[in-house]
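Asker: If you scroll down you'll find the structure; I have some questions about it.
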Amino acid sequence: MTDTTMRATADRPSVGIFGPHILVFGTFVVATVALAALFPPLDTWPEEWVLPVREWVTEFFAWLGAVAKPVTRTIAWLLAQPLAFVEAVLYRGVPDWGLKPLPWVAVVAGAVLIGHWLAGARLALFAGSCTAYLAVFGLWQDSMQTLSIVLVTVPLAAGAGLALGIWATRSARADKVLNAALDLMQATPHMAYLAPVVVLFGFGQVPAMLATLIFAVPPMARCTILGIRTVPSDVMEAGRMSGCTTRQLLWKVELPAAQQTLLLGLNQVVMQTLAMVVIASLVGASGLGQKLLYSLQQLQIGKAVEQGIAITLIAIVLDRLTRAAMHRAPQRIPDGTAWHVRHVHLVAFLAITLGAVLLAQVLPQLSVLPRNMTLSFGQPINDVVRWISRNLYAYIKPVRDTITIWLLLPIRDFYLWLPWTTFIGFLALIGWYLGGLRLALVPVCLLGFMMVAGFWTPLMLTIYLVTGCTILAIMIGVPTGIWASRHPRGAKVTLTICDTLQTFPSFIYLIPVIMLLQTSDLSNVIAMLAYATVPAVRYTYLGMILVPKATVEAATASGANARQRLWKVELPIALPEILLGINQTIMMALSMVAITALIGSRDLGQEIYKALPGAETGRGLIAGIGIAFIGITADRLIGAWARRRKKDLGLA
Amino acid sequence: MKIVSRFMRAGLLGAAFASAAIGGAKAEDSADPIKIILNNWSSQVVFANVVGQLLEKQGKAVEYVPSDGQLQFMALANNDMDFQIEVWEGSHHESFVKSVAAGALDLGTHDAVTREDWWYPSYMNEMCPGLPDWKALDACAEKLATAETGTKGRFVGPPADWGKHYSERIEALGMNFQEVPVGQAATLWAELQAAYDRKEPIVLFNWTPNFIEAKFEGQFIEFPVFEPECWSDPAWGQNPDKIYDCGAPAKGYLKKAGSKQLVEKWPDAAAFLKKVNLTNPQFASAAALVDVDGLTPEDAATKWIADNEATWKPWTE
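So the sequences go chain by chain: L and Y.
Heads up: the first sequence runs through residues 0 to 651, numbered per numbering that gives the first Met the number 0.
Heads up: the second sequence runs through residues 0 to 316, numbered per numbering that gives the first Met the number 0.
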């Protein structure tokens, strides 16, 4: 720790971030702005100094794509085989052999039986009715296409994550490299992976699967590392004493002991895979995602909602099933029980499938539900959206204009005006003050790289959108969180809404948002807001609940009124949690930046999206990494600040 | 069940052989599925299905693959996809030329012509007298201004990378307008639908043939008529120093494209696909089956085939 920070901690334990250094910061800003005015290269990085990094990356991938084609195509072929099998079972059948796919009735029965096997009647009913929704709303074929990709991707991602995780626990160097790589992989928006995948692997279900894989592996690897690390040492000791080889130790001791954490990882893999469904359809994955984008293209919001719900339901069912698997106690079956009693669920499934296949010869409705027997609530939703757009616009327009003119445009103009020396230097100074040289180098290296690579304007526009979104998210999320912490019943409702907001495919929000707010920066911000407010609410709620009861009572006893108690006691104590929430809000907003490209923006998200058609790998990948860099910078700075606060409050 | 179907298969195969024998000794098409590209606008999806169903009637295997409007051209050159029914001069020309250079096939031009330009709904005729002339629109700019564009009129433009040079046109013609590019076509339609419902003025990028003309009334803004020199010679047109001081070409081509392997692997099918030829009203009415009547694209294709035998019969002969 440097001298300055030491002194700062000693002198003024609980002042805000600037504290006694306000002079230093002020002088620095004035000096850099003045210098930038004198020396234009300090204001805007000259175009002729831009390194053609994006061209290098694009050429590298083009070269790799050409050279490695036999290899990549073989990999693609290998991956296509299990997919083809699952597809044949679920919806394609094998026409050459006259085999039909599983009747929908059998798949629904399968969901019911798995639910019953894992957690009893309630889960069985839930899983069954969710699966039935897919058939009843005429989404069967598309859902099964999506489910096929999910069912093949999940084991692959889980296997790869497990292998990487085990490797990291075996080698310290691997751990270090992997940790940095995982950070970057998770902070880069999914869309950025599409261009390189297309160049290397072409189009269709398999490349879509690979892009999904990249996104779904990190949580599994993380959970594996965590799980193995937290195996109690006496368990390991017992294993060693009983003479296990290293391999036996891994398979018979460590992994079984880490089972719960591993299942949590699996659960995350499932959720991430489904989060990719819509985006993967941009590179040729057919199924619900593709149909959803098509519905949006036709402005059939209602239909898109039906399809979005189908994706959400598949996610929720798989989520509940894996969770149930985590909590399921091992069952004891007395020896000598007959095979069909031990495997009663399997037997029931086989019987129902056989029955359904046979009955379907007479009653084809059991195999594929004909369209005239399906339902739709699409039209009423379309009507509601258009009604709102027609009748409430008069009230929304003034709000929109006020926020645009007084909040967004000033921030945008300010950021675009800022000389790069001031901006990067200012962040570096904060970093230096909070964590010394190492932290100061983070913004310099990461944001500096983006500037040198020629992405300054989109970078600043991204930061602008994220700033605007974060401000609004705090204004909405923090009060909501505080309110929820005071009303237990309200908290339940609020948290449920938060859950729903996060699993629903974000693309659907876009069209209503555009209808109400037009193609504008506010639309971009609002589209991000739906996701980004959730962590602000959650962490504020958590922080407020964790404030020690005794402290609050002491404040009341010493005569603080409700307002003083909130501002002087509760909020300062909850601040580290709230800061973490804001950190997560920024991450969520960043992960949504790529989506704003579909509304119309000029940020890094747009760069990613534009890079897709021309397979400009460099442009897309670097823009994606740039988004990750913003996230990492914010994360490191806010993290250091929160730790500092905790220490000052004596909470650490 | 398996046995029964095996018999049926044998029977079908026999029938197929018989018909092939009657039809004369043509080169045998591969049994692999022909991969037909699906994009995300209705006319394309309907006619992709029409062509697919007609191919199936001829005993070919068909598979539909969804794709982005630009990425598909790489796929055609790589034999990842085999047939595209709509190649637009305005938005696909560059990628298409590149793709043909890399081995993809130009399967000929439809009778239909395409136009892409600024477009406005008819109710604006009263708000801005003199439309569709571009000068009348320019005089009307303030009615189209928003918080973000200030006093300038707002033109909702195509995605920034479609290469339309509208900002340059605004500058060259000295118009009091600002282009706000959208991210994707759906955003354009959402803007139009909302403005149309509220009878608000709006000027946006649009093209024909598409489903919009079946759902909304409106027309293109008339800019100075396009001539090739306008895009290359600054001296041409009313601005002596700048190019792009004119409208877009009003009659662009609409082509069909095939994969490198199409002719070798499925010579029969390729001959049929070359003959497929559609007109503007046919594209618009097929799009309307989906967008106005609410049929699924598959059903719309079946209906179209049933209703238009006179059109497609000659292609198959």
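The beta-carbon is built from N, C-alpha and C at its ideal position, and this holds for glycine as well.
Values in this document were obtained by computation on a predicted structure and should not be read as measured data.
By how many angstroms is the C-alpha of L/L281 removed from the C-alpha of L/P274?
Answerer: First, the residue type needs correcting, since residue 274 of chain L is Ala and not Pro in the sequence shown. Each residue's alpha carbon lies about 14 angstroms from the other.
Asker: Counting only Cβ pairs nearer than 9 angstroms, list the residues of chain Y close to L/S147.
Answerer: Chain Y residues near L/S147: none, gap ~15 angstroms exceeds 9 angstroms.
Asker: According to DSSP, simplified to helix, strand and coil, what is L/G127?
Answerer: Residue state, collapsed to three classes: helix.
Asker: Indicate whether at least one CB of chain L lies closer than 9 angstroms to the CB of Y/D28.
Answerer: Closer than 9 angstroms: no.
Asker: So L/M514 contacts chain Y; which residues on that side make the cut at Cβ distance below 7 angstroms?
Answerer: In chain order: A189, Q192 and A193.
Asker: Between L/A596 and chain Y, is any beta-carbon pair separated by less than 9 angstroms?
Answerer: Yes - at least one Cβ of chain Y is within 9 angstroms of the one on L/A596.
Asker: For L/D2, count neighbouring C-beta atoms within 10 Å of its own C-beta (all shown protein chains included) and say buried if the count is 16 or more, exposed if not.
Answerer: Low local confidence applies: a pLDDT of 42 at L/D2 is under 50, so the model's placement there is unreliable, with the coordinate-based value given in what follows. That one is exposed.
Asker: With a CB to CB cut of under 6 angstroms and the five nearest residues on each side skipped, what residues in its chain are close to Y/G68?
Answerer: So the qualifying residues of the chain are N38.
Asker: From Y/C245 to Y/P223, what does the alpha carbon distance come to, in whole angstroms?
Answerer: Their backbone Cα atoms lie some 5 angstroms apart in a straight line.
Asker: Is there a Cβ from chain Y that is less than 9 angstroms from the Cβ of L/G467?
Answerer: Judged by the 9 angstroms Cβ criterion, L/G467 is not in contact with chain Y.
Asker: Apart from the five residues just before and just after Y/G217, which ones in its own chain have a Cβ nearer than 7 angstroms to its Cβ?
Answerer: Correct list, in chain order: W118, Y119, P120 and S121.
Asker: Of the residues L/R322, L/I626 and L/M240, which one's Cα is nearest the Cα of L/L446?
Answerer: It is L/I626.
Asker: Using the Cα positions of Y/G182 and L/I621, report the straight-line distance between them to the nearest angstrom.
Answerer: Taking the straight line from one Cα to the other gives about 20 angstroms.
Asker: Distance check for L/T420 and Y/Y243, CA to CA, integer angstroms please.
Answerer: In a straight line, the C-alpha of Y/Y243 is about 38 angstroms away from that of L/T420.
Asker: What are the uninterrupted segments assigned as alpha helix (DSSP H) that are 4 or more residues long and contained completely in the stretch 53 to 115 of chain Y, given in chain order?
Answerer: The qualifying runs are 70 to 76 and 88 to 100.
Asker: Which of helix, strand or coil does DSSP assign to L/D233?
Answerer: Here L/D233 sits in helix by DSSP.
Asker: Check whether chain L comes within 9 angstroms of Y/L70, counting only Cβ atoms and requiring the distance to be less than that.
Answerer: Chain L contact via Cβ: present.
Asker: Using a cut-off of 7 angstroms between C-beta atoms, extract the partners of L/Y392 located in chain Y.
Answerer: R197, listed in chain order.
Asker: Could you tell me the distance, in whole angstroms, from the CA atom of L/L428 to the CA atom of L/A439?
Answerer: So the two alpha carbons sit approximately 6 angstroms from each other.
Asker: If you pair each beta-carbon of the stretch 165 to 177 of chain L with each one of the stretch 571 to 587 of chain L, do three or more pairs fall below 8 angstroms?
Answerer: Counting Cβ pairs under 8 angstroms, fewer than three are found: no touch.
Asker: Starting from the C-beta of Y/V112, find all residues in its chain whose C-beta is less than 6 angstroms away, skip the five residues before and the five after it, and write them out in chain order.
Answerer: Excluding positions up to five away in sequence, the list reads K250.
Asker: Given that Y/P65 touches chain L, what residues does it touch there, using C-beta distances under 7 angstroms?
Answerer: Here the neighbours are S280, G283, S285 and Q289.
Asker: Can you check which of these residues, L/G619, L/R601 and L/K396, is closest to L/V512 by C-alpha distance?
Answerer: It is L/K396.
Asker: Tell me the rounded alpha-carbon separation between Y/A20 and Y/E27.
Answerer: Residue placement at Y/A20 is poorly supported in this model, since its pLDDT is 41, which falls under 50; the coordinates are not used for a value here.
Asker: Determine the contact status of L/M543 and L/G480, defining contact as a CB-CB distance below 9 angstroms.
Answerer: Contact flag set, yes.
Asker: Tell me, to the nearest whole angstrom, how far the beta carbon of Y/E221 is from that of Y/W235; I am working on the premise that it is less than 8 angstroms.
Answerer: About 18 angstroms; that fails the 8 angstroms criterion.
Asker: Could you pull the start and end residues of the alpha helix (DSSP H) that Y/Q218 belongs to?
Answerer: Unbroken run through Y/Q218 is the beta strand (DSSP E), G217 to F219; no alpha helix (DSSP H).
Asker: Comparing the C-beta of Y/D292 with each C-beta of chain L, is any distance below 9 angstroms?
Answerer: It does not: the Cβ of Y/D292 has no partner Cβ on chain L nearer than 9 angstroms.
Asker: State buried or exposed for Y/C229, treating a residue as buried only when at least 16 other CB atoms are found within 10 Å of its CB.
Answerer: The residue in question, Y/C229, is buried, as its Cβ has 16 or more Cβ neighbours within 10 Å.
Asker: Is Y/T207 helix, strand or coil by DSSP?
Answerer: Three-state result, Y/T207: strand.
Asker: Beta-carbon within less than 8 angstroms of Y/A213's beta-carbon, same chain only, minus the 5 sequence neighbours each way: which residues are those?
Answerer: Only A283, S284, A286, A287, D290 and V291 meet the Cβ criterion.
Asker: At which residues does the beta strand (DSSP E) containing Y/K254 begin and terminate?
Answerer: Its beta strand (DSSP E) spans residues L253 to G257.
Asker: Assuming L/M235 contacts L/L161 (C-beta within less than 8 angstroms), just tell me the rounded distance between them.
Answerer: Their Cβ separation, rounded to whole angstroms, is 18 angstroms, which puts L/M235 and L/L161 out of contact at 8 angstroms.
Asker: Taking all protein chains shown into account, do 16 or more other C-beta atoms lie within 10 angstroms of the C-beta of L/R437, making it buried, or fewer, making it exposed?
Answerer: It counts as exposed.
Asker: Looking only at its own chain, which residues have a Cβ that is under 7 angstroms from the Cβ of Y/P32, when we skip the five neighbours before and after it?
Answerer: Answer for Y/P32: A60, V61 and E62, listed in chain order.
Asker: For L/F38, does the three-state DSSP call read helix, strand or coil?
Answerer: Here L/F38 sits in coil by DSSP.
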